[in-house]
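**Q**
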Amino acid sequence: MEEIKKFIPTENITLFRSCLVSAEYPGVEASTKYVFDKLGVEYVIDRNQSCCTGLGHYYDIFDELSTTALAARNFAYAIKNNHKQYVPTCATCYAILKTAAKTLNEKDEVREQINQAFRDNGLEELQYTKGDIDARDDITHVVDVLYYLKDKIPENKKRELSSLKIATHHGCHYCKVHFDDTLCGYRNPEIIDKICEVMEVPTVEWYDQKPRHCGGGFRQRYANRELSLDATEDKFLSLHKEKVDLLLVMCPNCQVQFDRYEQVLEERTGDRHYFAILNIAQLVALYMGADPYKVLGIQTHTVNVELILDKLGIEYDPKEDTLHVREE
Amino acid sequence: MSEKNRIGVFLCHCGGNISDNVDLDYIEERLSENDEICSIKHHENLCSLEGRNIIKDQILRQDLDRVVISACSKITHGATFQKYIKPLNPYLFEMPNVREQCSWVTENKQESTDKALSLINSAVESVKYNEPLKKIPTSVKNSVLVIGAGISGITTANSLAKQGMEVTLIEKRPAVGGAMVQVGKVFTPDKMSEDCAACLLNPVIDEMVHNDNITLLTNTVLEKSTRNSGNFDVILRKKPDYVNPDKCTSCGKCTESCPTFAPDEWNEGLNDRKAIYKPFPQAVPSTYTLDDESCVKCGACLNVCPTNAINLDAIDEIISLTVGSVVIASGHQRFDTSKRPEYGHPFYEDVLSQMQLARLMGVNGPTHGHLQVPSTGKVPRRVVMIQCVGSRDQMPEGHKYCSKVCCMVALKNANLIHSHYPDTEVIICYTDIRTLGVYEKYYKYVQNNGIKFVRGRPGEIAREDDHMVVRVEDTLNRDKIEIPTDLVVLSAALESSEGTIEAAKTLGVPLTEDKFVKEKHPKMQPVSTDIEGIFVCGTAQGPKDITDSIIQANTAATKISELVNGGLEVEPFIATINVKKCILCGNCIENCRYQALTMYHNSIRVGPIACTGCGDCIVTCPEEAISIQGQSDEKLRASIAGLLKDKKEDEQVIIAFLDDIGNVSANNMGINRVDCPSSIRIINVPFINRVKYSHIKYALTHGADGVFLGEYPDTPKHNEIRENVNIMKKHLEEDGINPERLLIHSVFIPYFRGLANQFKEFDEELQILSK
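Quick mapping for you: the protein sequence lines, in order, are chains A and B.
According to the numbering used here, the first sequence is numbered sequentially starting from -1.
According to the numbering used here, the second sequence is numbered sequentially starting from 44.
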């Protein structure tokens, strides 16, 4: 294991909910909880938590100040709950929260402006004091925790997954925004690969475009659709060339881009090759024996995951998928 | 001071420079009240021969035992008066600076006179503590350890040996020659050609081998070094001689029989070699060597060796030496390009480094000089070179500096390819082309030969069908282009080698932030290090080409020659240890950045060449066992007492402790007639940490209104000094003294006006404080 400079929590965790995970792939959160439970990680989910603003922030709907103020509010609740270790499932939440914590610690004027706003509105209890949250040590991504506990993962092995050809795609908001805090490299990010390694699931060491982003780019996906898909297409074709069965991601934005847009990309490129998309937490949950529908939530995926289950010889009842319309 | 001193005071008029603005008659009158002053004499110009006679006459007639000469700065005439006070010991005098630091900077004659009196009083009080001292003659041992046998180390060794010195040249690898022996061809300034590196290097190596003053030890590293009064006791570790060099006839039978393979370092891992091997045909020493990490000790070689030269049970050799100087010439290594995976070096066979390309093109390389694409064995249709891989790189793990040689290396290799394979196209993707001086002509020459250039740093390399693709933005016309190519060559940064970092650590020499060996002064002392007697040359000090390495190597040899042959006599102001008080805790040894102190047979020794007399060790000693010869604590306190002796009721006095840089700056103030408050009374100290809290407290409780510390900030102790001042301020507060009365400020020689302003501001602040 490489030397880890940042603190990685296994207790006092607030599992920071992501709006994209909840709305698009709720199975990612369920899988994370499933895996954390198996690994003995102590965490809570805070009903008072608000969105990190990520999507809105990158649309310029939320400015930096509102984003930081909302983060201050979330930090206050986490501290009050004695669970100030924020662990987001989404790379964007991770980056936004870290940036906000840095701003709150380093920029006295901004902090004071936000605290003043809290005071003006009778929300004194939300006020932020310099150093409340350490940007490096108090905000970690789910993959950081999984990586930290990776040697315990095989103890919970229930299924054999080694027959798949897997490529990994690392979220750029995890790798590139706060690269000093990124584990296992960011030019050739390997943290998901290292987690796969302990499950004896081989991954493609390198493929063309590996460090590239998914193309999602928040507003770009909707406002500059062509630009966004152009970028996705390069990586998509490279994955086809590698003939992978599964693409592993760590961020719901990337998951949306490759899963929801699969058909669009196939039409654009005229290139067809089946591969499914899973979050690393979903794969670890599957490895530990989780139910594909009740825990992984594969019924919410656009690209069917069932073909992968077939390949792995995992039994499932297709009737549990009540979301996809099937041709009789 | 039980017995009364017999002090003589001489007042120089300096042709009016002093006497016009200082009432020397009044001063004489006041001084004559002091019964320890037995003689007071005036003169127009004391530095004249007539002045000399007056001083000598008075010393003999009045039986003076100490002398104060009130005149100009010690820098101007200190050495003169040191001679003039003969027959007294040359250290039994003081020189209050009443010209540069008094008459020239004070407008009001009354104030100037008061200040002059206080400066002279200070000198009178402090001279009582002067001791008769002698300059210390020193000698440096006539033997040198050179670490690293590349072009730099060999050049230094040759030069030193020719000057009669005993040189031990050590090399970590089994053969000498460093990077130069690998590169095949070298670029030559002025000449539009690539020359054979081995042909240039071999005569230099031969010279080294045949010089009896040089002992060459390959497979050897420096393991330990301790400073022992001016010398270095070093311990070297030499890997086992598995192959006895005296018996080996280089027949090569062992290599044939060896079943074990390992990557061939000489060819940059492009092919394999055996575990028992000769690094390359022309290797020096020419014996075979055994790589014990890959050897499985099967014994096959033992059976075939005709001379029984092989011993698989050989053990390490530990060699201990005492040398007078050390040269770090341990060179560089190349940036690990797998840290830039987007360039595919770890994944794609056909991505090479410049050194690998050099090996491919070398006649003694893995393909005997034939340029072949590793995956196909064919001559490449196109070669793309990528510059600045790991250099000029702001991202983590990259190096922010320019590696200096890569532009020329790329041009050289590009031109070589062009001249041997005219059908192969070469494209160089560059950030900027840096071909300084005459090298620019070579750049134009290569460009005219048809080598193409794209300004841009490629983003990534991909494999496509039977070739590679380099994706790059041509930043001159903002085109994003994809260049298909058979071969990609990366110009990897030069970085400090593991051996260099290790050697610096073992020797206690500081490194720069880029991990190269730090020179004493990057501009003025480019081969010396902070530790007297340790020198650096070649790429251990920073990226540079062969020519620059040779220049630096010869400079290092010259500097050592100066030390050995110069017949050094050093000033006696060095640390002394009171052995009765010393508890051998070693704090001072650790703290000394000059490594001047060493533990020797249960006592602490001071190296007179290394010690600068800065006095930084004094504060680290828990037993107060250290003092600087001729500059005792008591003397410093007497200087302060003297300054405050005749202080008038309404007079404001600021004691300004200035280090040597600050003192020169203050002199410049005088030379340029910049006005300075008369309250400022300067005491020159060798180093700001020399001033103890007790001195400051003494000053502030015995009449001084403020204490000013003037520190040259560009030293490794800067932060410590500032921290110490904060602590002293806290102590002042605890002792009920306003900490605002202590001020530290940076000083620089040219910023004397700034220093004057600082004095003025402090003077004004203190006036307000006192009200």
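By construction, the Cβ of each residue, glycine as well, lies at the ideal position given by its N, Cα and C atoms.
Who does VAL607/B pair with in a DSSP beta bridge?
**A** Beta-bridge annotation (DSSP): VAL607/B is not paired with any residue.
**Q** Return helix, strand or coil for ASN140/B, following the three-state DSSP convention.
**A** strand
**Q** Would you identify the three-state DSSP class for ARG514/B, choosing helix, strand or coil?
**A** strand
**Q** Within 10 angstroms of its Cβ, does GLY51/B collect 16 or more other Cβ (buried), or is it exposed?
**A** Counting Cβ neighbours within 10 Å, GLY51/B comes out buried, since at least 16 surround it.
**Q** Compile a chain-ordered list of the residues in the stretch 171 to 194 of chain A whose CB is closer than 9 Å to at least one CB of chain B.
**A** PHE177, ASP178, GLY183, TYR184, ARG185 and ASN186
**Q** LEU395/B bridges to which residues according to DSSP?
**A** VAL532/B
**Q** Kindly indicate the opening and closing residues of the beta strand (DSSP E) around ASN727/B.
**A** 723 to 727
**Q** Are there 16 or more other CB atoms within 10 angstroms of the CB of GLN397/B, so buried, or fewer, so exposed?
**A** buried
**Q** For LEU400/B, which residues in the same chain have their Cβ closer than 7 Å to its Cβ, ignoring the five residues on either side in sequence?
**A** ASN456 and VAL532
**Q** Over the uninterrupted alpha helix (DSSP H) stretch that includes GLY52/A, give me the two end residues.
**A** 52 to 56
**Q** For the stretch 37 to 51 of chain A against the stretch 205 to 215 of chain A, do three or more pairs of beta-carbon atoms, one drawn from each stretch, fall closer than 8 Å, so that the two count as touching?
**A** no
**Q** Looking only at its chain, what residues have a beta carbon closer than 7 Å to the beta carbon of LEU244/B, apart from the 5 residues adjacent to it on each side?
**A** ILE194, GLY220, MET223 and VAL224
**Q** PRO348/A to VAL202/A, Cα distance in whole Å?
**A** Only positions -1 to 326 of chain A appear in the structure, and residue 348/A is not among them; the question remains open.
**Q** Name the chain B residues that come within less than 7 Å of PRO209/A, Cβ to Cβ?
**A** GLU385
**Q** Verify the CB distance criterion: does GLU203/A have a CB-CB separation below 9 Å to chain B?
**A** Closer than 9 Å to some Cβ of chain B, the Cβ of GLU203/A qualifies, so yes.
**Q** Compute the beta-carbon to beta-carbon distance between SER300/B and CYS344/B, rounded to the nearest angstrom, for a pair I have assumed lies under 8 Å.
**A** The pair is a contact, with the Cβ atoms about 5 Å apart (cut-off 8 Å).
**Q** Let me confirm a value: ASN151/B is counted as buried when at least 16 other C-beta atoms fall within 10 Å, else exposed. Which label applies?
**A** exposed
**Q** Could you please give the first and the last residue of the uninterrupted alpha helix (DSSP H) stretch that includes VAL247/B?
**A** Note, VAL247/B: alpha helix (DSSP H), 240 to 253.
**Q** If we cut at 9 Å on Cβ distances, does LYS602/B have a partner in chain A?
**A** With respect to chain A, the C-beta atom of LYS602/B has no partner C-beta closer than 9 Å.
**Q** List the residues of chain A that ALA505/B touches, going by C-beta distances under 7 Å, in chain order.
**A** ASP206
**Q** Taking CB distances under 9 Å as the criterion, tell me whether SER236/A reaches chain B.
**A** Any Cβ of chain B closer than 9 Å to the Cβ of SER236/A would place that residue at the interface, and such an atom is present.
**Q** Which one of ASN634/B, ASN645/B and GLN672/B has the shortest CA to CA distance from PRO665/B?
**A** ASN634/B
**Q** So that I know if they touch, is there some Cβ in chain A lying closer than 9 Å to that of PRO389/B?
**A** yes
**Q** Which residues in chain A have a C-beta closer than 9 Å to the C-beta of GLU439/B? List them in chain order.
**A** The sequence shown places Pro at residue 439/B, not Glu. The contacting residues are PHE177, ASP178 and TYR184.
**Q** Assuming contact is defined by CB atoms lying nearer than 9 Å, are SER534/B and GLN437/B in contact in what I supplied?
**A** Their beta carbons are not under 9 Å apart, which means SER534/B does not touch GLN437/B by this criterion.
**Q** CA-CA distance, TYR320/B and THR332/B?
**A** 6 Å
**Q** From the beta carbon of LYS382/B, is the nearest beta carbon of chain A less than 9 Å away?
**A** yes
**Q** Please state the DSSP three-state secondary structure of LEU225/A.
**A** helix
**Q** Looking at C-alpha atoms only, which residue of GLU538/B, SER571/B and GLY542/B is the closest neighbour of GLU556/B?
**A** GLU538/B
**Q** Compare the Cα-Cα distances from ASP573/B to each of THR582/B, VAL560/B, GLY585/B and GLY581/B and report the closest residue.
**A** VAL560/B
**Q** Suppose contacts are defined by Cβ-Cβ distances below 9 Å. Is CYS88/A in contact with LEU37/A by that definition?
**A** no
**Q** Pick helix, strand or coil for SER434/B, following the three-state DSSP scheme.
**A** coil
**Q** Please work out which residues of its chain come closer than 7 Å, Cβ to Cβ, to VAL422/B, disregarding the five sequence neighbours upstream and downstream, and give them in chain order.
**A** Only LEU414, GLN415, TYR464 and THR467 meet the Cβ criterion.
**Q** In this structure, does DSSP put CYS17/A in helix, strand or coil?
**A** The answer is helix: DSSP assigns CYS17/A an H, G or I state.
**Q** Per DSSP, TYR41/A is paired with what?
**A** When DSSP reads this structure, TYR41/A sits in a beta bridge with ILE11/A.
**Q** Note down the Cα distance separating GLY214/A from SER226/A, rounded to an integer number of angstroms.
**A** 6 Å
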